[in-house]
């Protein structure tokens with residue numbers, strides 16, 4: 004029975020060695036294929052990477068200059084914006100002052116026109132009203148005289164009633 008155990012161990016050992024040998028050969032073939040693929044990739048990518056590196060080396064100073072110029076443009080634009088702000092603020096202050104001055108002038112003018120209107124009303128309309136009242140009085144007096152003449156011939160009592168109506 005011990006022979007059988009030795010045989011089984013020997014068969015297991017041979018089986019393991021053959022599996023390991025197969026794994027070794029498969030791994031070796033895979034490594035060769037991977038090495039060939041990496042070599043091809045390196046052969047193809049190497050020139051591309053070299054060109055990219057050359058391009059970056061050429062454009063890096065230009066990019067640095069562009070960034071520097073952009074920073075300078077932003078600095079100048081900020082300065083111009085600040086100047087523009089000062090100019091517009093000053094202009095707005097001046098316009099505000101001129102508007103206040105114009106408001107005072109217009110207020111004074113309106114007050115003068117109002118005073119002139121009040122004086123015109125007082126100096127012109129009062130005499131016109133008095134003259135109108137005088138004309139109205141004369142008209143009423145003439146109407147009264149006419150009505151007395153016409154009523155005197157008709158009825159003396161109705162003329163007395165008309166006189167009373169005038170005073171009421």
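In this note's numbering, the protein residues as written are 4 to 171.
Quick reminder that beta carbons are idealized off the backbone N, C-alpha and C, glycines included.
No experiment lies behind these values; they were computed from the predicted model shown.
A straight-line Cα-Cα distance of about 15 angstroms links residue 59 and residue 70.
Residue 8 and residue 25 have their alpha carbons spaced roughly 25 angstroms apart. Runs of the alpha helix (DSSP H) lying entirely within the segment 131-157 and spanning at least 4 residues: none are present.
Apart from the 5 residues on each side of it in sequence, residue 84 has no Cβ closer than 8 angstroms to any other Cβ in its chain.
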